[in-house]
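One structure is given here, and the rest of the page talks about it.
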Amino acid sequence: MSIVLDHQTALSAPNQFVKVGDRRIAYRRFGSGPDLVLCVRFRGTMDVWDPLFLDLLAENFTVTIFDYRGLGGSTGKASYAKADMAQDVDDLVTALGIEKLIIAGWSLGGFAAQVFAATRPEKVSHVLAIGTMPPGLMSKSFEKLFFETAWMREYGTREEYILFFEPDSARSRALADQSLARIAARSVVHDDPTDPQVFIDSVEANTDPSTPFPDPDGAYQAFYRSTDIPVLALSGDHDIIFPVENWYALNDQWPTLFVVTFPDSGHGPQHQYPALAADIIKSFVQNS
């Protein structure tokens, strides 16, 4: 069991590791309160989270971030298979002795979070789905611009605007600049870099042409139509890869689903509105 130090922050928390068979999982852990584990987005490692968002969460939760197998500081064969990402979560929380947790995921990490909850419901108190989509076919599809940008080997500020914010909004771009500056402020503890092609190859190997989040036998949808686990979806009003309309379509189908839409924002609403997002998450967990 790792020791959680309340004074550690997202920028100062050390890289730690747990051994799982012949591989290791890299993680950082800080804060105090109920356990909240966050699954990162496509092409993300621990370093891509906005530290302000994490620190605000850590005021009320013990926050754990980590790298999937073969990515960042974790070893093994890289995989974006939904079951593998969920297994990474299970391996990590088991090694840390966490018996009950709030599971959260951003973008592709939202798939991992939802699969983890659906396959290990006894370990989950709440699900946070951030800038992601529910399982099954899409009610509203993605925009080609996302893949044209996300598949670039390297990208800068302009691409960050496109991928995670609202590039046509001066306000969104200004808030994006603030978030990117906070992320760049990490000066002591860094994650291990991963070649962009590894990310791309990993997701392409697990791509289904019908939908980004396949549910071929309907098992995931069936679970969320009957579960008593509260689910909170946080989305921007113009998410070019996972439109919020996919959550609206479930308003009368998932009995525990809460949907929050952030205006003038895109695929990373928690980075554009870190304080509001953290406050909503706190209230959701405490009151649902």
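Residue numbers 1 to 288, in UniProt numbering, belong to the letters of the sequence shown in order. Backbone N, C-alpha and C fix where the C-beta goes; we use that ideal spot for every residue, glycine too. Remember, it's a predicted structure, so these values are computed and weren't measured experimentally.
Put simply, the backbone Cα of K82 is about 15 Å away from that of D201. The criterion of a C-beta distance shorter than 9 Å is not satisfied by A10 and T194. Just so you know, the alpha carbons of D88 and G31 end up roughly 22 Å apart.
Taking H190 as the centre and dropping the five residues before and after it, the same chain places the C-beta of D47 closer than 7 Å to its C-beta, in chain order. The alpha-carbon separation between D50 and W151 amounts to approximately 22 Å. For K82, the uninterrupted alpha helix (DSSP H) segment begins and ends at K82 to L96. Taking 9 Å as the cut-off, the beta carbon of Q270 is found no closer than this to the beta carbon of S172. The Cβ atoms of V40 and D67 sit closer than 9 Å to each other. In the DSSP assignment, the residues bridged to K19 are R24. When only Cα atoms are considered, L101 and K144 end up about 35 Å apart. Every alpha helix (DSSP H) stretch that sits fully inside the region 121 to 188 and reaches 4 residues is listed by chain position as 144 to 150, 157 to 164 and 170 to 184. Taking C-beta separations shorter than 8 Å and ignoring five residues to either side along the sequence, the partners of D208 in its chain run P214, following chain order.
Between the region 240 to 250 and the region 128 to 147 there are three or more inter-stretch CB-CB distances shorter than 8 Å, so the stretches are counted as touching. If the five residues before and after N251 are omitted, its C-beta is found closer than 8 Å to the C-beta atoms of L257 and V259, all from its own chain and listed in chain order. I280 sits in a helix when the DSSP states are folded into three classes. Here R69 has R23, I25, T75, G76, K77, A78, S79, D84 and D88 as same chain residues with Cβ atoms under 8 Å from its own Cβ, once five neighbours each way along the sequence are excluded. Annotation for V203: the continuous alpha helix (DSSP H) segment containing it runs P196 to E204. G31 is bridged by DSSP to T62.
By DSSP's assignment, W106 forms a beta bridge with I130.
Rounded to the nearest whole angstrom, the CA to CA distance from R120 to D239 is 29 Å.
If you ignore the 5 residues before and after D177, its C-beta comes within less than 8 Å of the C-beta of T157, all in its own chain and listed in chain order. Out of P167, L56, F116 and D91, the CA that lies nearest to the CA of V20 is found in D91.
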